[in-house]
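Going down the list, the protein sequences come from chains A and B. My numbering runs 5 ahead of the 1-based position in the first sequence. My numbering runs 5 ahead of the 1-based position in the second sequence. We treat Cβ as the ideally placed atom computed from N, Cα and C, and that holds for glycine. In this text the structure is predicted, and so the values were computed from the model without any measurement.
There are 2 protein chains.
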Amino acid sequence: MDKLEGKAVIAQGGGPTAVINQSLVGVVLEARKCPFITHIYGARFGVRGIIKEDFLDLGQATSHNLNMVAVTPSSALGSTRDKPDQEYCQRIVEVFRKQNVRYFFYIGGNDSAETCRIVSEYAESVKYDLRVIHIPKTIDNDLLVTDHCPGFGSAARFVVSAFACLDLDNFAIPGVFLGVVMGRHAGWLTASSVFARKLNHDGPHLIYVPERPFDTERFLADVDRVYSKEGRCVVALSEGVVDAKGQPVVMSLQQNTERDPFGNVQLSGRGTLGDALSDEIKNKLKIKRVRCDTFGYLQRSFLGVISDQDASEARDVGETAVHFAQRGLPSGSVAIRRTGDYSVDYFMTTLASVGAGTKLLPPEYLLGDNNISEDYKDYARPLIGQIPNFDRLIAPAVEVK
Amino acid sequence: MDKLEGKAVIAQGGGPTAVINQSLVGVVLEARKCPFITHIYGARFGVRGIIKEDFLDLGQATSHNLNMVAVTPSSALGSTRDKPDQEYCQRIVEVFRKQNVRYFFYIGGNDSAETCRIVSEYAESVKYDLRVIHIPKTIDNDLLVTDHCPGFGSAARFVVSAFACLDLDNFAIPGVFLGVVMGRHAGWLTASSVFARKLNHDGPHLIYVPERPFDTERFLADVDRVYSKEGRCVVALSEGVVDAKGQPVVMSLQQNTERDPFGNVQLSGRGTLGDALSDEIKNKLKIKRVRCDTFGYLQRSFLGVISDQDASEARDVGETAVHFAQRGLPSGSVAIRRTGDYSVDYFMTTLASVGAGTKLLPPEYLLGDNNISEDYKDYARPLIGQIPNFDRLIAPAVEVK
Numbered sequence: 006m007d008k009l010e011g012k013a014v015i016a017q018g019g020g021p022t023a024v025i026n027q028s029l030v031g032v033v034l035e036a037r038k039c040p041f042i043t044h045i046y047g048a049r050f051g052v053r054g055i056i057k058e059d060f061l062d063l064g065q066a067t068s069h070n071l072n073m074v075a076v077t078p079s080s081a082l083g084s085t086r087d088k089p090d091q092e093y094c095q096r097i098v099e100v101f102r103k104q105n106v107r108y109f110f111y112i113g114g115n116d117s118a119e120t121c122r123i124v125s126e127y128a129e130s131v132k133y134d135l136r137v138i139h140i141p142k143t144i145d146n147d148l149l150v151t152d153h154c155p156g157f158g159s160a161a162r163f164v165v166s167a168f169a170c171l172d173l174d175n176f177a178i179p180g181v182f183l184g185v186v187m188g189r190h191a192g193w194l195t196a197s198s199v200f201a202r203k204l205n206h207d208g209p210h211l212i213y214v215p216e217r218p219f220d221t222e223r224f225l226a227d228v229d230r231v232y233s234k235e236g237r238c239v240v241a242l243s244e245g246v247v248d249a250k251g252q253p254v255v256m257s258l259q260q261n262t263e264r265d266p267f268g269n270v271q272l273s274g275r276g277t278l279g280d281a282l283s284d285e286i287k288n289k290l291k292i293k294r295v296r297c298d299t300f301g302y303l304q305r306s307f308l309g310v311i312s313d314q315d316a317s318e319a320r321d322v323g324e325t326a327v328h329f330a331q332r333g334l335p336s337g338s339v340a341i342r343r344t345g346d347y348s349v350d351y352f353m354t355t356l357a358s359v360g361a362g363t364k365l366l367p368p369e370y371l372l373g374d375n376n377i378s379e380d381y382k383d384y385a386r387p388l389i390g391q392i393p394n395f396d397r398l399i400a401p402a403v404e405v406k
Numbered sequence: 006m007d008k009l010e011g012k013a014v015i016a017q018g019g020g021p022t023a024v025i026n027q028s029l030v031g032v033v034l035e036a037r038k039c040p041f042i043t044h045i046y047g048a049r050f051g052v053r054g055i056i057k058e059d060f061l062d063l064g065q066a067t068s069h070n071l072n073m074v075a076v077t078p079s080s081a082l083g084s085t086r087d088k089p090d091q092e093y094c095q096r097i098v099e100v101f102r103k104q105n106v107r108y109f110f111y112i113g114g115n116d117s118a119e120t121c122r123i124v125s126e127y128a129e130s131v132k133y134d135l136r137v138i139h140i141p142k143t144i145d146n147d148l149l150v151t152d153h154c155p156g157f158g159s160a161a162r163f164v165v166s167a168f169a170c171l172d173l174d175n176f177a178i179p180g181v182f183l184g185v186v187m188g189r190h191a192g193w194l195t196a197s198s199v200f201a202r203k204l205n206h207d208g209p210h211l212i213y214v215p216e217r218p219f220d221t222e223r224f225l226a227d228v229d230r231v232y233s234k235e236g237r238c239v240v241a242l243s244e245g246v247v248d249a250k251g252q253p254v255v256m257s258l259q260q261n262t263e264r265d266p267f268g269n270v271q272l273s274g275r276g277t278l279g280d281a282l283s284d285e286i287k288n289k290l291k292i293k294r295v296r297c298d299t300f301g302y303l304q305r306s307f308l309g310v311i312s313d314q315d316a317s318e319a320r321d322v323g324e325t326a327v328h329f330a331q332r333g334l335p336s337g338s339v340a341i342r343r344t345g346d347y348s349v350d351y352f353m354t355t356l357a358s359v360g361a362g363t364k365l366l367p368p369e370y371l372l373g374d375n376n377i378s379e380d381y382k383d384y385a386r387p388l389i390g391q392i393p394n395f396d397r398l399i400a401p402a403v404e405v406k
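Structure follows, in structure tokens:
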């Protein structure tokens with residue numbers, strides 16, 4: 006046991022999730038038990054809070070408050086979209102040295118893992134003994150190495166409930182319905198809409214993910230085919246669908262695209278993609294009732310729609326991060342390994358392995374251009390948990406006299 | 006007790022709600038107990054199912070299936086936007102006469118009540134003994150006479166959870182956030198967003214309802230003021246906001262407006278209003294991060310977000326409708342009367358009194374142009390029920406050394 010004495014800093018990066026505070030509280034409560042972690046500071050608004058030395062002393066938060074925060078969606082410390090470069094990371098390490106911070110826990114996606122890697126390598130290069138632990142979270146479920154990501158199960162639960170509701174709505178008042186789901190590069194979340202199907206004719210009838218090139222003409226033909234057969238059509242569409250050249254479809258539909266500091270085009274927070282495709286359906290297929298909802302920010306942190314399994318694992322990765330740091334393991338990222346049906350354990354992987362890219366849906370989870378396989382369902386079911394039950398009315402038709 | 010023997014027909018009209026099938030099942034199970042109701046038929050897709058004689062024999066549905074359907078959101082029989090005229094209503098009565106239908110239960114809003122009135126009056130004019138009972142439902146909560154409408158409490162529950170989540174999200178990554186809520190004429194549902202505020206600085210900071218004329222310049226000044234003070238701003242906006250001339254704001258922002266058979270402009274199912282106002286904020290106030298979600302169809306029938314009180318009352322109005330019909334009361338509409346804090350009973354009002362118009366938020370529920378009063382909260386709280394708890398992190402800031 007290597008007893009490196011000093012403070013710990015925890016921060017939250019990237020987009021919020023419904024269970025991200027479980028990880029925060031997992032770290033805080035565990036770190037408070039550790040005799041050689043002298044203080045546990047929360048950096049406000051991600052890494053920006055570190056360079057501004059804007060910290061909360063989480064050693065002084067009450068257990069009750071922390072337990073309440075754990076069940077509260079969305080990053081309680083605040084987040085940031087800052088993408089730290091080399092100089093920014095150097096400043097982080099300088100603050101850590103000044104404050105004698107020896108443990109840095111950063112909850113986030115692959116950009117946050119990459120920040121961890123740069124900070125860790127810089128600390129090493131200047132011989133400052135620092136343990137950097139990345140804690141995974143993302144509703145997109147697209148981190149490499151880990152079996153899945155905390156935050157995904159709860160967001161998927163929202164998406165399933167949403168499509169179940171929208172399919173029942175579309176059954177009651179038939180037409181074409183488009184539901185646009187978050188997911189910049191990977192279709193994990195959009196794919197979860199498959200669980201909304203209960204009976205054979207239930208929607209979503211078509212599911213489009215970024216892993217398959219999207220062609221508007223083919224899309225229109227798909228919708229036409231389903232609508233002709235079923236008299237209605239429900240579509241699940243990932244906001245990140247791209248054309249054959251890899252260009253986001255939303256870019257060809259929107260004039261002024263906004264980009265974040267990572268160079269990402271704004272996908273959420275407006276209805277552009279869905280509204281434009283709705284217009285195509287109305288105009289080209291001459292279908293009158295075409296509706297679209299872009300789920301937007303609701304899906305990532307909806308209050309009261311939580312997967313129990315997801316919440317538990319989010320807590321666990323936080324706790325485990327402290328365990329790994331206490332054991333003196335080198336810097337790294339906590340990952341989840343599936344060990345049964347359904348059971349998991351946790352391990353450390355390198356920061357570089359997580360920061361390097363995104364994990365797409367493997368081909369065996371996809372069926373053709375617009376459907377999802379049973380293998381995906383086997384994978385995702387335990388993460389999402391039991392969805393509230395629902396049913397169609399089953400009664401014989403009355404013969405007309 | 007007047008024992009008029011014959012069949013009963015039940016239909017569902019207008020937009021679905023999360024608890025509309027509770028009313029359906031309340032009618033069906035109660036009607037099945039009544040010895041002089043010979044059959045209980047469900048008309049598929051609203052009144053259209055009657056003139057097409059497209060009926061399900063609900064006497065043959067199993068109790069288990071009916072209990073499952075009761076907890077399933079969205080009209081299980083299907084709905085319609087048909088607006089029956091005099092001739093259409095005559096055809097309804099002709100079918101009823103042919104089939105010996107003596108009881109007609111129609112679950113819907115004020116348009117459905119109006120249809121009930123025409124059908125009832127025509128039946129009377131041709132001396133056909135028919136009891137027509139309108140059963141209230143609408144997420145808009147805008148029916149006259151009744152204290153409130155089944156469907157509203159559950160939709161409001163969704164709206165509160167949504168704004169709690171969006172406010173936490175906006176706290177984590179500050180900017181301006183617009184949430185667009187359903188409600189064509191009345192702001193009951195948008196007003197419920199007020200319950201998302203827990204601490205003093207919580208959003209929504211601004212709430213706009215159709216009862217107050219909306220002026221874009223004043224709106225921009227409001228947003229600017231809140232943003233300057235709080236560093237962020239969350240807005241709840243009714244889709245039905247109108248300008249000083251009573252013209253829907255969405256109409257001045259959208260080129261091709263779609264209208265339904267009632268002459269209503271399409272408000273839901275696209276992001277026009279919110280996206281256009283977001284652009285105004287970006288361009289005029291020079292605020293960079295502006296996001297908008299239009300809640301759309303999710304809010305009216307989300308699977309798993311139900312107010313228990315709302316579900317019970319929806320069941321009760323269905324059951325009560327059958328009781329009133331059995332007791333030989335004249336045609337009418339079931340209404341809810343508040344008798345305590347919190348308790349209700351049910352009574353019959355005339356079809357004409359409900360079909361005649363919509364109930365707006367009274368002035369005492371509004372505070373200025375963009376806020377909601379405590380009186381509204383007292384009114385709405387028991388209908389929505391307890392919202393999942395959440396909290397901010399409470400810990401002292403660390404002083405910079």
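Extent of the continuous alpha helix (DSSP H) to which residue i belongs
{"i": "Val-221(B)", "result": "For the record, residue 221(B) in the displayed sequence is Thr; it is not Val. First-last of the alpha helix (DSSP H) with Thr-221(B): 221 to 235."}
{"i": "Asp-59(A)", "result": "Element bounds for Asp-59(A): n/a, residue is neither H nor E."}
{"i": "His-69(B)", "result": "68 to 75"}
{"i": "Gly-31(B)", "result": "25 to 37"}
{"i": "Cys-121(A)", "result": "115 to 130"}
{"i": "Ala-241(A)", "result": "First-last for Ala-241(A): 238 to 243, but that is the beta strand (DSSP E), not the alpha helix (DSSP H)."}
{"i": "Leu-388(A)", "result": "379 to 389"}
{"i": "Leu-211(A)", "result": "Leu-211(A) -> not in any alpha helix (DSSP H); beta strand (DSSP E) instead, spanning 211 to 213."}
Test item: CB-CB of residue i and residue j under 9 Å
{"i": "Ala-23(B)", "j": "Phe-182(B)", "result": "no"}
{"i": "Asn-175(A)", "j": "Val-231(A)", "result": "no"}
{"i": "Asp-298(A)", "j": "Phe-307(B)", "result": "no"}
{"i": "Gly-457(B)", "j": "Pro-209(B)", "result": "The displayed coordinates of chain B run from 6 to 406. Any statement about residue 457(B) would go beyond what the structure contains."}
{"i": "Thr-354(B)", "j": "Val-76(B)", "result": "no"}
{"i": "Gln-65(A)", "j": "Ala-281(B)", "result": "no"}
{"i": "Thr-221(A)", "j": "Val-255(A)", "result": "no"}
{"i": "Asn-376(B)", "j": "Val-186(B)", "result": "no"}
{"i": "Gly-20(B)", "j": "Arg-305(B)", "result": "yes"}
{"i": "Ile-178(B)", "j": "Thr-85(A)", "result": "yes"}
{"i": "Gly-323(A)", "j": "Gln-27(A)", "result": "yes"}
Start-to-end residues for the beta strand (DSSP E) that takes in residue i
{"i": "Ile-138(A)", "result": "136 to 141"}
{"i": "Ala-16(A)", "result": "11 to 17"}
{"i": "Ala-48(B)", "result": "42 to 48"}
{"i": "Cys-154(B)", "result": "Element bounds for Cys-154(B): n/a, residue is neither H nor E."}
Contacts that residue i makes with chain A (C-beta to C-beta distance below 7 Å)
{"i": "Ile-140(B)", "result": "Near Ile-140(B) there are no residues of chain A at all, since even the closest Cβ is about 16 Å away, more than 7 Å."}
{"i": "Arg-275(B)", "result": "Gly-276, Asp-280, Ser-283, Cys-297"}
{"i": "Ala-160(B)", "result": "Correct list: empty, because the minimum Cβ distance to chain A is about 11 Å."}
{"i": "Val-74(B)", "result": "Asp-396, Leu-398"}
Under 9 Å by beta carbon: chain B residues contacting residue i
{"i": "Ser-306(A)", "result": "Cys-170, Leu-171, Leu-173, Asp-174, Ala-177"}
Cross-chain neighbours of residue i in chain C, by beta carbon under 8 Å
{"i": "Tyr-46(A)", "result": "The displayed structure is made up of protein chains A and B, and chain C is not among them."}
Where residue i meets chain A, residues with beta-carbon distance less than 8 Å
{"i": "Gly-309(B)", "result": "Ser-166, Val-310, Ile-392, Pro-393"}
Nearest-angstrom Cβ-Cβ length linking residue i and residue j, presumed shorter than 8 Å
{"i": "Tyr-93(A)", "j": "His-139(A)", "result": "Incorrect: roughly 17 Å between the Cβ atoms, too far for contact."}
{"i": "Leu-225(A)", "j": "Lys-289(A)", "result": "6 Å"}
{"i": "Gly-236(A)", "j": "His-190(A)", "result": "That pair is no contact at about 35 Å."}
{"i": "Gly-192(A)", "j": "Ser-243(A)", "result": "5 Å"}
Chain-ordered chain B contacts of residue i [CB-CB under 8 Å]
{"i": "Pro-21(A)", "result": "Leu-173, Asp-174, Ala-177, Ile-178"}
query = According to a CB-to-CB cut-off of less than 9 Å, which residues of the stretch 287 to 303 of chain B neighbour chain A?
reply = Residues Lys-287, Lys-293, Arg-294, Val-295, Arg-296, Cys-297, Asp-298, Thr-299, Phe-300, Gly-301, Tyr-302, Leu-303.
key: Against chain B: residues of the stretch 76 to 99 of chain A by CB proximity under 8 Å   = For chain B, the residues of the stretch 76 to 99 of chain A that bring a beta carbon within less than 8 Å of one of its beta carbons are Val-76, Thr-77, Pro-78, Ser-79, Ser-80, Ala-81, Leu-82, Gly-83, Ser-84, Thr-85, Arg-86, in chain order.
message = Output needed in chain order: residues of the stretch 383 to 405 of chain A with a Cβ under 8 Å from some Cβ in chain B.
response = Residues Ile-392, Pro-393, Asn-394, Phe-395, Asp-396, Arg-397, Leu-398, Ile-399, Ala-400, Pro-401, Ala-402, Val-403, Val-405.
request  = Check each residue of the stretch 56 to 70 of chain A: if its Cβ is closer than 7 Å to any Cβ of chain B, include it; give the result in chain order.
outcome  = Of all residues in the stretch 56 to 70 of chain A, Glu-58, Phe-60, Leu-61, Asp-62, Leu-63, Gln-65, Ala-66, Asn-70 have a Cβ within less than 7 Å of some Cβ in chain B.
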